[in-house]
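Novice: Following this message is one structure expressed as structure tokens.
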Amino acid sequence: MSRLKFSIVRYTLLAYVLLTLWEVLGHREDFPLSSFPMFAQARGFPGRASRTVLVGVNEHGETTLNPQALSDLMSAVRLQKIFQGLQTKSDAEQADFMARVAGILSDKKDEDDRFWGVRFYTENWKTQLHLKGIDHPSRELEFAAYVPPERLKRDLANDAKTGAPSEAPRPLPSGDLLVELDADACAEACSVTSDPLASGGTALALARGGSLHVGVPAGSYTLFVRMRSKAPPGDDRLLVSVDGKRVKEAKDGVGNYKHQLPFDVWVWASLEPGWPALRLRTKGDPSELSLTADRADVEVDQIWLAKSRKELPLFNAPLERQKAGGE
Amino acid sequence: MKLLETPPLSWLRKSLAGVTAMWSEKADPRGLAICRIILFWHAAREIDPGGYALFIRVGELAWRPHAYFRAIGLMPPSESTARLLCLVYMACGFLAAAGVLYRASALVTAGVGLYLHAILQNYGKALHTYHLFSLALVIMACSNAADVWSVDALVKPWFAKRRGKVLPRVEPSAEYRWPPLFVGSTILVMYGAAGMSKLYITGWVWALSDNFRQTLLQGQFDASPPTQVGVWLADYPVLCQALALGALTVEATSWLGLVNRYTYYVWASCVVLLQFGIWFLMGVVFGELPTMFAFFLPWNLILRTIDGWIARARPAPAPT
């Protein structure tokens, strides 16, 4: 090896050493230089451990996903950072992004099985000796996003355009409760209205501040409301109370779908699309379930109290009770 | 001159002499060729163009350029460009591993690799696994790693013969020593920086506290270590502190591995053990690093030993 080459190699290495030292002293993080600060922060014991869990959501419920299903270069932590960054973006950008993610995750799936939501849960543990409690982390939903299913969008657009239902009523799943609303359910600022797209041709119209109430047997249910509103996004909601107390899991009420589904037609709603549907536990037999339109006029057609379904349906057709001895 | 014979200047002089001796050692060209095959073969297989393109698609909104990317306004490539660059990277990686037009194929692999790996650092979180790997590709691209065991080495004599020339036999030289040594040194510098960062950010408390205990247990909760030895260790706080102190000392002092050939191999062994220990106890795999540990191997010794076995196994020529 020539003397010159030897000198070049030696001084290049020296430069690399000095630049790395500079990175360390400056807490810098560059590429390909770095201070390599992995695990540099000290943690106390007992401390906390947490893990990010990505799930895809469709009609069948939640499916835990490996972030590498998005790309083999992806990790849960990196994806979480990407989602955190996303929250500063506009609604349109967020929707575009979520459509991409759900599209990749749902690739090669049938239309009905495609994911229409992505959620990030954080599982937290208090680290304990002998791994005590490892099977029982506390789980928090950190981020949820909704990708309106194409089929639902088509049906809603069709209803809005033609004024005719895209689909015949669907049978109520066995074991579920369906509340058909009539004048008896009206409480305040509420009236019966006729509509050919409503179940039985009538629904309840709640003026702003109006409410309705129905009796619900004791049990545990997922609440879905078939509702319609001309209100702008954010005002398309109904506050939920059981026996006079606001349901704390439904801080923003049910509805709130217009950001993602901007149609003035009947829609099955629960908590904001993307979030798990609202679970209700009623103790009294019956308990009084009240819905209040606090921000704008809202029409309500049916209330569906599901036993096993946990996610929003892909359809907007009304439900009908199965006839005795029928299917 | 007498001044140079007194400590600490005499130590400095000896250290510099040690460095020079280490870098001037003659090495078997086959050792470098093996490193070339391992590194570029790994490069050709480590990126999936489809996965990379999807990463670009998903990450687009999270693009947060750092340092020089921001300074010179570099933007991420489009999906199709990324896919094309990955294909170029893979193809040239395979060519470089096989030693086909090595100088060109290795330089393209290193250049494209540097860009592709740099892009991945701009999505809100550093991916340290590629820092040294990218540098190793650049270092190897500047070396004569295809002088033996390559397509170039097979073809060159044929071209030389056509021109009526005879190529000199490839002999051991320092030319084949510096590339693996340089790559190995970058690994030691990385561990040195990691140790210094711990000391600089947290101090000795990093080791002399319950930090390591927590880290061992935490790994069991949020990762998947191959064993539960960490759970057992966590029951012994003093042992945990001793291990943490050992690890921190090895890391922070790994710069000493650059001083001479003995310290080099001592610290190389230590950091390899450390890394495998981290995997064993905490399940942390540092991406491309295990592949790069091949550069630490004493190839001269290994090849000499294998040559000896082959010579012994070969039947002795019949007496004439």
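So the protein sequences, as listed, match chains A and B. Just so you know, the first sequence maps onto residues 148 to 474 in my numbering. Just so you know, the second sequence maps onto residues 5 to 324 in my numbering. Ideal placement from N, C-alpha and C gives every residue a C-beta, glycine not left out. In this text the structure is predicted, and so the values were computed from the model without any measurement.
1. In this structure, what does DSSP give as the bridge partners for residue 317 of chain A?
2. Can you list the residues of chain A that residue 214 of chain B reaches, using a CB-CB cut of under 7 Å?
3. Scan the stretch 229-258 of chain B for residues whose Cβ lies nearer than 7 Å to a Cβ of chain A and list them as they occur along the chain.
4. When you compare the CB positions of residue 245 of chain B and residue 274 of chain A, do they come within less than 8 Å of one another, or not?
5. Just verifying my parser: in three-state terms, what is the DSSP assignment at residue 374 of chain A?
6. Could you give the distance in angstroms between the alpha-carbon of residue 363 of chain A and the alpha-carbon of residue 319 of chain A?
7. Check each candidate in B:40, B:29, B:67, B:120 and name the one with the smallest Cα separation from residue 155 of chain B.
8. Going by DSSP, name the residue or residues bridged to residue 368 of chain A.
9. Could you spell out the range, first to last residue, of the beta strand (DSSP E) harbouring residue 344 of chain A?
10. Given a cut-off of 8 Å, decide if residue 462 of chain A and residue 317 of chain A are closer than it, judged by their beta-carbon atoms.
11. Output the residue ranges of the alpha helix (DSSP H) runs that lie fully inside the stretch 109-192 of chain B and measure 4 residues or longer, sorted by chain position.
12. Use the C-beta contact count for residue 206 of chain B: other C-beta atoms within 10 angstroms, 16 or more gives buried, fewer gives exposed.
13. Does the beta carbon of residue 264 of chain A come closer than 8 Å to any beta carbon on chain B?
14. Report, in whole angstroms, the separation of the C-beta atoms of residue 152 of chain B and residue 174 of chain B, which I expect to be a contact under 8 Å.
15. On the DSSP bridge assignment, give the partners of residue 360 of chain A in chain order.
16. Where does the unbroken alpha helix (DSSP H) through residue 169 of chain A begin, and where does it stop?
17. Among B:214, B:58, B:180, which has the Cα closest to the Cα of residue 192 of chain A?
18. Tell me, which residues are paired with residue 305 of chain A by DSSP?
19. Measuring only the C-alpha atoms, how far is residue 100 of chain B from residue 138 of chain B?
20. Mind reading off the beta-carbon distance from residue 277 of chain B to residue 26 of chain B? Whole number of angstroms is fine, and I expect it under 8 Å.
21. Check whether the Cβ of residue 248 of chain A lies closer than 8 Å to any Cβ atom in chain B.
22. Would you identify the three-state DSSP class for residue 106 of chain B, choosing helix, strand or coil?
23. Contact between the stretch 368-378 of chain A and the stretch 407-415 of chain A: three or more CB pairs below 8 Å?
24. Any idea what DSSP makes of residue 215 of chain B, helix, strand or coil?
25. Under three-state DSSP, which class holds residue 93 of chain B?
26. Closer than 7 Å between beta carbons: that is the criterion. Which residues of the stretch 122-155 of chain B meet it against chain A?
27. If we count Cβ pairs, one from each stretch, closer than 8 Å, do we get three or more for the stretch 290-297 of chain A versus the stretch 258-267 of chain A?
28. For residue 70 of chain B, return the contacting residues in chain A, with the cut-off set at a CB-CB distance below 8 Å.
29. For residue 285 of chain A, which residues does DSSP report across the bridge?
30. Let me confirm a value: residue 202 of chain B is counted as buried when at least 16 other C-beta atoms fall within 10 Å, else exposed. Which label applies?
31. Taking the C-alpha atoms as reference points, what is the distance between residue 358 of chain A and residue 346 of chain A?
32. Within the chosen definition, does the stretch 423-435 of chain A reach the stretch 395-403 of chain A through at least 3 CB pairs nearer than 8 Å?
33. Give, in chain order, every residue of the stretch 181-204 of chain B whose Cβ lies closer than 7 Å to some Cβ of chain A.
34. Within 10 Å of its beta-carbon, does residue 24 of chain B have 16 or more other beta-carbons around it, so buried, or fewer, so exposed?
35. Assign residue 315 of chain B to one of two classes, buried (16 or more other C-beta atoms within 10 Å of its C-beta) or exposed (fewer than that).
36. Does the Cβ-Cβ distance between residue 252 of chain B and residue 196 of chain B come in under 8 Å?
Specialist: In short, the structure shows the following:
1. Within the first sequence, the letter at position 170 stands for residue 317 of chain A. Beta-bridge pairing links residue 317 of chain A to A:466.
2. In the second sequence, counting from the first residue as 1, residue 214 of chain B sits at position 210. Chain A residues near residue 214 of chain B: 191, 192.
3. 235, 238, 239
4. Here residue 245 of chain B corresponds to residue number 241 of the second sequence, with the count starting at 1. Here residue 274 of chain A corresponds to residue number 127 of the first sequence, with the count starting at 1. Contact flag unset, no.
5. Within the first sequence, the letter at position 227 stands for residue 374 of chain A. Here residue 374 of chain A sits in strand by DSSP.
6. The count along the first sequence starts at 1 and reaches residue 363 of chain A at position 216. The count along the first sequence starts at 1 and reaches residue 319 of chain A at position 172. In a straight line, the C-alpha of residue 363 of chain A is about 17 Å away from that of residue 319 of chain A.
7. Locating residue 155 of chain B in the second sequence gives position 151, where the first residue counts as 1. The shortest C-alpha separation from residue 155 of chain B is found at B:40.
8. For the purposes of this step, residue 368 of chain A is taken as residue 221 along the first sequence, with counting starting at 1. Beta-bridge pairing links residue 368 of chain A to A:427.
9. By 1-based counting over the first sequence, the position of residue 344 of chain A is 197. No beta strand (DSSP E) holds residue 344 of chain A; DSSP gives it neither H nor E.
10. Stepping through the first sequence from its first residue, residue 317 of chain A is reached at position 170. Stepping through the first sequence from its first residue, residue 462 of chain A is reached at position 315. In this structure, residue 462 of chain A lies closer than 8 Å to residue 317 of chain A by Cβ.
11. 133-145, 155-166
12. To locate residue 206 of chain B, count along the second sequence from 1; it is residue 202. Label assigned to residue 206 of chain B: buried.
13. One-based indexing of the first sequence puts residue 264 of chain A at position 117. No, no contact with chain B.
14. As a first step, residue 152 of chain B must be located in the second sequence, where it is residue number 148. As a first step, residue 174 of chain B must be located in the second sequence, where it is residue number 170. Indeed they touch by this definition, with Cβ atoms about 5 Å apart.
15. Against the first sequence, residue 360 of chain A aligns to sequence position 213. According to DSSP, which records beta bridges pairwise, residue 360 of chain A is partnered with A:437.
16. One-based indexing of the first sequence puts residue 169 of chain A at position 22. Its alpha helix (DSSP H) spans residues 150-172.
17. Locating residue 192 of chain A in the first sequence gives position 45, where the first residue counts as 1. Closest option to residue 192 of chain A, Cα to Cα, is B:214.
18. As a working note, residue 305 of chain A is residue 158 in the first sequence. Answer is none; residue 305 of chain A lacks a bridge partner.
19. One-based indexing of the second sequence puts residue 100 of chain B at position 96. One-based indexing of the second sequence puts residue 138 of chain B at position 134. If you take the alpha carbons of residue 100 of chain B and residue 138 of chain B, they lie about 15 Å apart.
20. As a working note, residue 277 of chain B is residue 273 in the second sequence. As a working note, residue 26 of chain B is residue 22 in the second sequence. So it is not a contact: roughly 21 Å between Cβ atoms.
21. Along the first sequence, one-based indexing puts residue 248 of chain A at 101. Taking Cβ atoms only, chain B reaches closer than 8 Å to residue 248 of chain A, which makes this a yes.
22. Position 102 of the second sequence, counted from the first residue, corresponds to residue 106 of chain B. Correct three-state label for residue 106 of chain B: helix.
23. yes
24. For the purposes of this step, residue 215 of chain B is taken as residue 211 along the second sequence, with counting starting at 1. In the structure shown, residue 215 of chain B sits in a helix (DSSP, three-state: H, G or I).
25. For the purposes of this step, residue 93 of chain B is taken as residue 89 along the second sequence, with counting starting at 1. Of the three classes helix, strand and coil, the one that applies to residue 93 of chain B here is helix, per DSSP.
26. 122, 124, 125, 127, 128, 129, 130, 132, 135, 138, 139
27. yes
28. Mapped onto the second sequence, residue 70 of chain B falls at position 66. By Cβ distance, chain A contributes 176, 177, 178.
29. Looking up residue 285 of chain A in the first sequence gives position 138. According to DSSP, which records beta bridges pairwise, residue 285 of chain A is partnered with A:271.
30. One-based indexing of the second sequence puts residue 202 of chain B at position 198. Its Cβ being crowded by 16 or more others within 10 Å, residue 202 of chain B is buried.
31. Indexing the first sequence from 1 puts residue 358 of chain A at position 211. Indexing the first sequence from 1 puts residue 346 of chain A at position 199. Straight-line Cα distance between these residues: approximately 19 Å.
32. yes
33. 182, 186, 189, 190, 193, 194, 197, 198, 200, 201, 202, 204
34. The count along the second sequence starts at 1 and reaches residue 24 of chain B at position 20. With fewer than 16 other Cβ atoms within 10 Å, it is exposed.
35. As a working mapping, residue 315 of chain B is identified with position 311 in the second sequence. It is exposed - the Cβ of residue 315 of chain B has fewer than 16 other Cβ atoms within 10 Å.
36. As a first step, residue 252 of chain B must be located in the second sequence, where it is residue number 248. As a first step, residue 196 of chain B must be located in the second sequence, where it is residue number 192. It is not a contact, given that the beta carbons lie outside the stated cut-off.
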